[in-house]
Amino acid sequence: MKPKLWFAPIGLVAALAGAATGAMQDVCGPFTDVSPALCPYVLEMYYLGVTAGTSPTTFSPDSVVTRGQAAVFVSKGVNQAIARSSRRAALGQWWTRVDDQISQIGWTQVADYPGLPIADGADIWVPGQVPGEVSRVRASDGKLLETWTGAEEATSALAAMGRIFITGATAQGTLFMIDPAQPVGEVVTVADNLGGGEFGGTRSLAFDGSRIWTAQAGTPFIPIPPYPLYSIAIVTPGSWDVQTITDGFTHPVAVVFDGTSIWVVDVGPPSLLKKLDAAGAVVQAVPIPSVSDYFVRPTFDGANIWVPSGDTHTVTVIRAATGEVVATLSAPGVAGTAAFDGSRVLTGSELWDAQTLQHLGTTPAGPACSDGVNFWFAVESAPGYLVRM
Amino acid sequence: MRGWTLALVASVAMGAGVATAVVQDVCGPFTDVSPAFCPYVLEMYYLGITAGTSPTTYSPEAMVTRGQAAVFVSKGVNQAIARSSRRAALAQWWTTKRPEAIGLTPVTGPTSVASDGVDVWVSAQVPGTVTRVRASDGRVLDTWTGLPGANSILPAMGRIFVAGGDSGKIYAIDPAQPPGLPSIVVSDLPSSSYSLAFDGVRLWSANADSVSLLTPAPTYPWSIVTRTEGFTIPGEILYDGRYIWVTDQDAGLLKLDAEGAVIQSVPVGPEPGPLVFDGANLWTTLLHTDAVVVVSSVDGSIRATLTGNGLNLPNDIAFDGERVMVTSFFEGVSYWRAADLAPLGFVSTGGFGVSPLSVCSDGINFWVAFSQSNGLGRF
Chain A
5 MKPKLWFAPI
15 GLVAALAGAA
25 TGAMQDVCGP
35 FTDVSPALCP
45 YVLEMYYLGV
55 TAGTSPTTFS
65 PDSVVTRGQA
75 AVFVSKGVNQ
85 AIARSSRRAA
95 LGQWWTRVDD
105 QISQIGWTQV
115 ADYPGLPIAD
125 GADIWVPGQV
135 PGEVSRVRAS
145 DGKLLETWTG
155 AEEATSALAA
165 MGRIFITGAT
175 AQGTLFMIDP
185 AQPVGEVVTV
195 ADNLGGGEFG
205 GTRSLAFDGS
215 RIWTAQAGTP
225 FIPIPPYPLY
235 SIAIVTPGSW
245 DVQTITDGFT
255 HPVAVVFDGT
265 SIWVVDVGPP
275 SLLKKLDAAG
285 AVVQAVPIPS
295 VSDYFVRPTF
305 DGANIWVPSG
315 DTHTVTVIRA
325 ATGEVVATLS
335 APGVAGTAAF
345 DGSRVLTGSE
355 LWDAQTLQHL
365 GTTPAGPACS
375 DGVNFWFAVE
385 SAPGYLVRM
Chain B
14 MRGWTLALVA
24 SVAMGAGVAT
34 AVVQDVCGPF
44 TDVSPAFCPY
54 VLEMYYLGIT
64 AGTSPTTYSP
74 EAMVTRGQAA
84 VFVSKGVNQA
94 IARSSRRAAL
104 AQWWTTKRPE
114 AIGLTPVTGP
124 TSVASDGVDV
134 WVSAQVPGTV
144 TRVRASDGRV
154 LDTWTGLPGA
164 NSILPAMGRI
174 FVAGGDSGKI
184 YAIDPAQPPG
194 LPSIVVSDLP
204 SSSYSLAFDG
214 VRLWSANADS
224 VSLLTPAPTY
234 PWSIVTRTEG
244 FTIPGEILYD
254 GRYIWVTDQD
264 AGLLKLDAEG
274 AVIQSVPVGP
284 EPGPLVFDGA
294 NLWTTLLHTD
304 AVVVVSSVDG
314 SIRATLTGNG
324 LNLPNDIAFD
334 GERVMVTSFF
344 EGVSYWRAAD
354 LAPLGFVSTG
364 GFGVSPLSVC
374 SDGINFWVAF
384 SQSNGLGRF
């Protein structure tokens, strides 16, 4: 027996190639009852941890499968596929930070009173409400790259079409745009008539592939008549035409796109998640708990829409295809914003597995987004901070 | 600052550990599922794979038919793929319909595009340049000059290889170096090079009448072995993880062994051109038949011939991990879902794009070269 050979000469490796064998392949791993034709697939199930077989030495390939067993096979298989496809897997980042306190290592100082951030795939964009700035932070190392100015009451960010769009919660309702390929400077105002009124301006936006939708809540919780205007606005990029819709809405606070339809969180009362058609008409309304969080951001996970409520500390998980409520999750740290990273959902300070809806942990957090590796959340303070989770 | 409910960061940790899923004690909507199976059955339900056998039953002891098994597996795979896309983590669930609305990324006369994962590299046959565009924000970073004939691009081994087209050369760019002139990998190819592939060991070039194998070495030029037998007019070449495949306008889709000998010829139809691999199947376009042919990489069998969905002189083809995009000369882009070959629609680029040509994906967006509009469209 040779000692461990850490750096084998190339010629030696080549000589050994082709002689490599799975020591037990002729008997299909631990299983003695699997034919060669089925063996690779059975072994994959075994190696992936999807099944241990029917006994230590049998898989019983000719037995029929019950629906219960099929559920185990499929869900465990899906979980492995999702876990291995994540960029976190390739980077060896298998941890989940669920400390009581996030260490101040890695906090990035950003614009004051940050709102809802967004990732463009490389950088995180953070709107700062006062005095109205947008910070650009590099996701790989957390370095503050740029600070864009002139974004009054900047509240929420969207990355689409190679541009960054920012809502401004001004009395008239503003949409700002940044061309990130240009040198840093002032944001461009592309619309200034979305509606919203004093204290009720726009704080949420979504893109459907051709148009940008914004929600102007009005002032549901400061009922001093006359109510400020509320609306859903549809902005057409290029012409920047604004179409404002009030029919069917009471206090719409947030919009989210599921790949097919736009959905609106309308806090009413009553509180409803409303599905819209392409013209902005309400085609379905799903009851949800009351929501009075200032920042509301539902998230879509590929199958379901997660609507968090800081009032009731619950997340309503709604099947996008049908509008059916598939689960209501409860945890004390749930606040009004949610973010999905491909396998997990962060709602306020509560982290959930998006496949099983299992609770993964609690950690101080806030309005967040994901770049596919980390969640990033904003600390609403002056100075503001962006924190990597 | 206008927050109505401003939770302090420190305060939200209170009460940790009392999170509950309200419905767990009865296994979601199902009353007939034992605790041992419940987590798995619930996942099937949450993922939208099954709604149960009735609103309150899942029937865990019932047998699964092959048909039901097909539904379970394919819906499960679809969810796994959708959630694994980088677009999911970035909440980009849309399909861009009007990339021209706020302008194309300006690049003069783009011929071919390819992504290294962070940047998009764009060749321009005339005047012979390669431009580096940052995918995240579309900023034009660098331009290399002195690549006459620059055609298709292959990022590999940390270098950007460029087929030299009619120059008979292959160029290499070291992206870590300041922009300038490229290195010349070889300058004596037997004929024009239009497409490159890498098999992990050697660089392959599809030439006008042959296929060349180049062996990497510390210094240029690299040694060349050229194979001509079996080839008439090679088009695009790629590596599927096991084999090299090349389209040939006369001979169809050809599978090559490690030395470049043709070991299988798939009669896909007339004039196959661009080629892409989706992890299971090869997709090639038939320019004058307005069709896309999908071929199994396992045995070379034709899985499907796709028509319609806007195909009109199909030009190029790309895969983003979930969807396949085909550009059509007249005038737009077509999408299919790679998992089930379902058409996902057509986006017209008439009126702004003027003939979309080459397309690539960076894993988030498709990037389309519009030569006559001197720009790239992000889809």
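Protein sequence lines correspond, in order, to chains A and B.
Here the numbering used here runs 4 ahead of the position in the first sequence, where the first position is 1.
Here the numbering used here runs 13 ahead of the position in the second sequence, where the first position is 1.
Positions of the beta carbon are idealized from the N, C-alpha and C atoms, including for glycine.
From a predicted model like this one, the values you see are computed outputs, not experimental measurements.
Between the beta-carbon of residue 250 of chain A and that of residue 235 of chain A there is about 5 Å, and that keeps the pair under the 8 Å contact cut. Taken in chain order, the members of the region 102 to 114 of chain B whose beta-carbon sits within less than 7 Å of a beta-carbon on chain A are 102, 103, 104, 106, 107, 108, 109, 110, 111, 112, 114.
For residue 76 of chain B, the nearest beta carbon of chain A is closer than 8 Å to its own beta carbon. Between the region 200 to 219 of chain A and the region 170 to 181 of chain A there are three or more C-beta pairs closer than 8 Å, enough to call the two in contact.
Of the candidates B:90, B:118, B:175, B:230, the residue whose Cα lies closest to the Cα of residue 143 of chain B is B:175. Three or more beta-carbon pairs separated by less than 8 Å link the region 63 to 80 of chain B to the region 39 to 52 of chain B, which places the two stretches in contact.
Residue 358 of chain A is classed as buried because its beta carbon has at least 16 other beta carbons within 10 Å across all chains shown. Counting C-beta pairs closer than 8 Å gives three or more between the region 117 to 125 of chain A and the region 361 to 378 of chain A, which meets the contact rule.
Neighbours of residue 323 of chain A in chain B, taken as residues whose beta carbon is under 8 Å from its own, are 61 in chain order.
Pairwise C-beta distances place the region 238 to 257 of chain A in contact with the region 268 to 285 of chain A, as three or more of them are shorter than 8 Å. For residue 169 of chain A, the nearest beta carbon of chain B is not closer than 8 Å to its own beta carbon. The C-beta distance from residue 259 of chain B to residue 224 of chain B rounds to 6 Å, short enough to fall under 8 Å. Residues 293, 295 of the same chain have their beta carbon placed closer than 6 Å to that of residue 313 of chain A, with the five preceding and five following residues left out of the count. Near chain A, meaning a CB-to-CB distance below 9 Å, no residue of the region 277 to 290 of chain B qualifies.
Using a CB distance below 7 Å, no part of the region 36 to 54 of chain A faces chain B. Per the coordinates, the alpha-carbon of residue 326 of chain B lies some 44 Å from the alpha-carbon of residue 321 of chain A. Judged by their CB atoms, residue 341 of chain A and residue 392 of chain A are not nearer to each other than the 8 Å cut-off.
Taking every protein chain shown into account, the CB of residue 197 of chain A has fewer than 16 other CB atoms within 10 angstroms, so this residue is exposed. A distance below 8 Å separates the beta carbons of residue 88 of chain B and residue 62 of chain B.
Residue range 125 to 128 is occupied by the beta strand (DSSP E) that includes residue 127 of chain B. Nearest neighbour of residue 138 of chain B by Cα position, chosen from B:158, B:145, B:291, turns out to be B:158.
Within the same chain, Cβ atoms closer than 6 Å to the Cβ of residue 358 of chain B are found at 348, the five residues on either side in sequence being excluded. Counting every other CB atom within 10 Å of its CB across the protein chains shown gives residue 59 of chain A a total below 16, marking it as exposed.
Beta-bridge analysis with DSSP links residue 373 of chain A to A:380.
Any Cβ of chain A closer than 8 Å to the Cβ of residue 96 of chain B would place that residue at the interface, and such an atom is present. Following the DSSP letters along the chain, one finds residue 88 of chain A inside the alpha helix (DSSP H) bounded by residues 71 to 89. Here the region 162 to 171 of chain B lies against the region 202 to 222 of chain B, with 3 or more beta-carbon pairs under 8 Å apart. Contact annotation, residue 264 of chain B with residue 278 of chain B: C-beta distance approximately 6 Å; criterion of less than 8 Å satisfied. Taking C-beta atoms as the reference points, residue 195 of chain B and residue 216 of chain B fail to come closer than 8 Å. Taking every protein chain shown into account, the CB of residue 39 of chain B has fewer than 16 other CB atoms within 10 angstroms, so this residue is exposed.
By the CB criterion at 8 Å, residue 369 of chain A and residue 352 of chain A fall inside the cutoff.
Going by DSSP, residue 52 of chain B is part of no beta strand (DSSP E) but of the alpha helix (DSSP H) stretching over 51 to 59. Classified as exposed, residue 291 of chain A has fewer than 16 neighbouring CB atoms from the shown chains inside 10 Å of its CB. Under the DSSP assignment, residue 44 of chain A falls in the alpha helix (DSSP H) whose first and last residues are 43 to 51. Around the Cβ of residue 190 of chain A, a 10 Å sphere holds fewer than 16 other Cβ atoms; the residue is exposed.
By the neighbour-count criterion, in which 16 or more other beta carbons inside 10 Å mark a residue as buried, residue 374 of chain B falls on the buried side.
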